[in-house]
Each structure stands twice: as structure tokens, then as C-alpha cells.
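Written out below as C-alpha cells is the structure these notes cover.
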Amino acid sequence: MEFAGQGKQEQSVENKYAAEKRRKTCDDFLVKSKQPFINKIFAFLLNVLLWLYMAVIIYFFLSAVLDYNDYYIGLLKISFNMSNHDIRMFLIKSFVYFSIFFTILMSWKYYNKIRYGSLNRRSKPLKTTDEDMMNLNLIDLQVYNILKKDKVIIFEKNPIRELERRSN
18 MEFAGQGKQE QSVENKYAAE KRRKTCDDFL VKSKQPFINK IFAFLLNVLL
68 WLYMAVIIYF FLSAVLDYND YYIGLLKISF NMSNHDIRMF LIKSFVYFSI
118 FFTILMSWKY YNKIRYGSLN RRSKPLKTTD EDMMNLNLID LQVYNILKKD
168 KVIIFEKNPI RELERRSN
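Dropping the structure here:
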């Protein structure tokens, strides 16, 4: 049974443009930097090393929880002078402390909400208008328009006026 559109048909022109547009937007999200090749290698190796370290730590705790010992993890536990029971007790204590702190902070949150109410009173500031900028009297209108329009600007002299010093 064959449905319409199956097979090795060309994509329609609209789909090609949509796919190209989607590809371009994905490239816009990626941050591209010019790093030396040595830095990239160093960052990659450090990343791999830290992932391996994390895997060993997770394996260390899981082997204690599941009461599993092999040669390498046993060697690690012997070098730290720990048994599976010690590691389980550490995990239980950590979970209890975490639960206590979590409960205290959640109750504090609800106490503050009951006492002070929800604090959604703030509103976002309005967008600054050209008139607001000109009312500051720090820059000329011509320079302000140049700053808004051009991407690259080189000034010989700082166009921003000095603030008047007030003596107390």
C-alpha cells in the first residue's frame, strides 16, 4: 500500500525555503568564537576528564547503595578507608540535612507570603523615548541620531557633556 507523496520525490520549493530558513535561525543561536586550536583541545580534554570523574563518583555511590563490589571500586573504597555501610550512612545523613533545609526554606517562603502577600507590585519601567534622552541635556540631537543610526562610530572628542559639579 503506497500513500501519496511517498518515494524519492523532490521537496516542494516552499519546503526547501522553510528548511533553509530553519537552518539559518539555528546557526544564529550558536555562539561562534575564534579560539586557538590548543585552547579547544585543552577545553575538550578537561571536559572529558570531568565527565569521567563524575562517572566514577556516581559509580562509587551506586555501588555502595546496591552493595556491589568489584576490584576497582573496592580498591577505591579501601583507599578511602570506607565501607558500603559508611557510604550509605553518609548518603542518608545528606538526604536528611537536605530535607530539613528544604523544609525550613519552604516554610519561610510560605510564612513571608502569608505575612507580606505576593510581591508582584513592581512594574517594568517604560521604554526610554528620544524625548527623555534629549531632556537629559547630555548630548546634541545630531550626535544622538548618529549614535542610533550607525553601527561603528569613531569620535575625535567625547560627545557627552560633562555633568555640573554640585558643592555641598
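Quick note: to get the numbering used here, add 17 to the position in the sequence shown (first position is 1).
Virtual Cβ for every residue (Gly too), placed ideally from N, Cα, C.
Query raised in the report: According to DSSP, is Q52 helix, strand or coil?
Result: coil
Requested in this report: Confirm, please, whether the CB-CB distance from N56 to A81 is below 8 Å.
Outcome: no
Query raised in the report: Taking the runs of the alpha helix (DSSP H) that are 4 residues or longer, which of them lie wholly in the region 49 to 98?
Result: 54 to 82, 88 to 96
Query raised in the report: DSSP state of T146, grouped into three classes?
Result: coil
**Report entry** Per-residue DSSP class, three states only, for A21
**Finding:** Legend: pLDDT at A21 = 48, less than 50; position of this residue unreliable, value from coordinates given subsequently. Correct three-state label for A21: coil.
Query raised in the report: Which of the three DSSP states, helix, strand or coil, is assigned to F172?
Result: coil
Query raised in the report: By how many angstroms is the C-alpha of I109 removed from the C-alpha of Y128?
Result: 28 Å
Query - Best match in I163, E179, L180 for proximity to F172 [C-alpha to C-alpha] - result: I163
Query raised in the report: In whole angstroms, what is the alpha-carbon distance linking V160 and K141?
Result: 28 Å
Query raised in the report: Y70: which of P53, Q52, L93 sits nearest, CA to CA?
Result: L93
Query - Between the CA atoms of Y89 and Y76 - distance to the nearest angstrom - result: 11 Å
Requested in this report: Let me know the secondary structure DSSP gives R105 once reduced to three states.
Outcome: helix
Query raised in the report: The alpha helix (DSSP H) spanning I163 covers which residue range?
Result: 158 to 166
Query - D157 and P176 closer than 8 Å at C-beta - result: yes
**Report entry** Straight-line gap, K165 to M150 (C-alpha atoms, nearest Å)
**Finding:** 12 Å
Query raised in the report: In whole angstroms, what separates the C-alpha of S116 from that of L83?
Result: 22 Å
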